[in-house]
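Input: a single structure, listed below in structure tokens.
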Amino acid sequence: MPEGHLVHRYADEQHEALAGRVVSATSPQGRFDAGPYDGRVVEGVEALGKHLLYRLEGAPAIHVHLGMRGLFLRYDDPAAEPRKGTRLRLATGEAAFDLIAPARCEPMDERALAALRAATGPDPLRGDVGRTEAVQRLLAAHVPVGAAVLDQGVWSGIGNAWRAELLFLTGLDPGARDIGAEAAGRLWDAAVRYLALGRDAGQVVSDPEAPDERWVYKRERCRRCGTAVRTWTLASRTAYACPADQHLDAL
DNA sequence: AAGTAATGCATAA
DNA sequence: TATGCCTTACTTA
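The letter at position 179 of the first sequence is residue 214 when you use this note's numbering, and the numbering goes up by one with no holes.
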């Protein structure tokens, strides 16, 4: 489920609830050593692409990656029984956040943190990298645009559903190469705008008028023109595109 | 009830 | 290229 928009949503929600407060940290499942974190003050919860970083006073950061199936459950009653399989619970007196089925949940020292930041491309939901640099990074990839946007070292936070919808919105075929600065800029602008809509809505939104609809992702036919959607494998994931509305040569 | 793909990706082979 | 995460949503029986 989780692409960057949901990771940012989790980070914002948890930062709001946990930052500046003492938390109890436990691993009901037992697969994470929560001891070093229990009873400490949370300094902040941050999203970096699809990564979540927890800073707690006097302890290493916690690095969480949800992978394909990870999720959080929020309980307004912090005494609520966690479901078994809960890797990590962070709780205050008011709420508990339970981490289920993450691909990664581990302490991360400063060196590894710096390496992660260096390896992670511009995140459309963070205001810390400008449009010009984001465009340059995409153009420097020299692979099909549909492969570049899934490469978290080029841009971060975009997953397979956003790839399909953002490229549709920009009129670009995922196989397009050397798309040029203008098209790359439009793609970045779409990512910034739509991922923010998705973060706020808690789901992929590619048409604000119809937030539950998709243009091509997992569709049989293009929602705009009805042409059969083409699917193939690109960068190890299923690509979706409308042959009529998306083009190999950026206009 | 049971099987399967999936909005991800590091690691092993 | 295959596996593990060990959930959820959807399909088939």
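We treat Cβ as the ideally placed atom computed from N, Cα and C, and that holds for glycine.
Measure the C-alpha to C-alpha separation of residue i and residue j and round it to an integer number of angstroms.
| i | j | result |
| --- | --- | --- |
| R104 | I135 | 8 angstroms |
| V42 | K85 | 6 angstroms |
| E248 | P113 | 35 angstroms |
| F67 | H100 | 14 angstroms |
| D213 | V189 | 15 angstroms |
| A147 | L83 | 14 angstroms |
| G74 | R161 | 30 angstroms |
| L87 | A270 | 24 angstroms |
| A211 | E244 | 28 angstroms |
Could you check how far apart the C-beta atoms of residue i and residue j are, in whole angstroms? I think they sit under 8 angstroms.
| i | j | result |
| --- | --- | --- |
| P137 | S191 | Incorrect: roughly 18 angstroms between the Cβ atoms, too far for contact. |
| K119 | Q64 | 7 angstroms |
| A230 | Q281 | Position check: residue 230 holds Leu in this sequence, whereas Ala was assumed. In fact, because the Cβ distance is near 20 angstroms, the residues do not count as touching under 8 angstroms. |
| L201 | A226 | 6 angstroms |
| V251 | P209 | Not really, about 10 angstroms apart at Cβ, beyond 8 angstroms. |
Strictly by DSSP, which residues pair up with residue i?
| i | result |
| --- | --- |
| F203 | BP columns for F203 are empty, so no partner. |
| H86 | L83 and H100 |
| A131 | Y110 and A126 |
| S62 | Partner(s): none; S62 has no beta bridge. |
Applying the criterion that 16 or more other CB atoms from any shown protein chain within 10 Å of the CB defines a buried residue, is residue i buried or exposed?
| i | result |
| --- | --- |
| P117 | buried |
| L53 | buried |
| W267 | exposed |
| A187 | The identity of residue 187 in the sequence shown is Gln, whereas the question assumes Ala. Label assigned to Q187: buried. |
For the beta strand (DSSP E) containing residue i, list its first residue and its last residue.
| i | result |
| --- | --- |
| W223 | Run containing W223: none in the beta strand (DSSP E); it sits in the alpha helix (DSSP H), G215 to A236. |
| R272 | R272 to A276 |
Taking residue i as part of the alpha helix (DSSP H), name the residues at either end of that continuous run.
| i | result |
| --- | --- |
| L148 | E145 to A154 |
| T262 | Taken as a continuous stretch (DSSP letters only), T262 belongs to no alpha helix (DSSP H), as it is neither H nor E. |
| Y45 | G39 to L53 |
| A211 | It is not in any alpha helix (DSSP H) - A211 carries neither H nor E in the DSSP assignment. |
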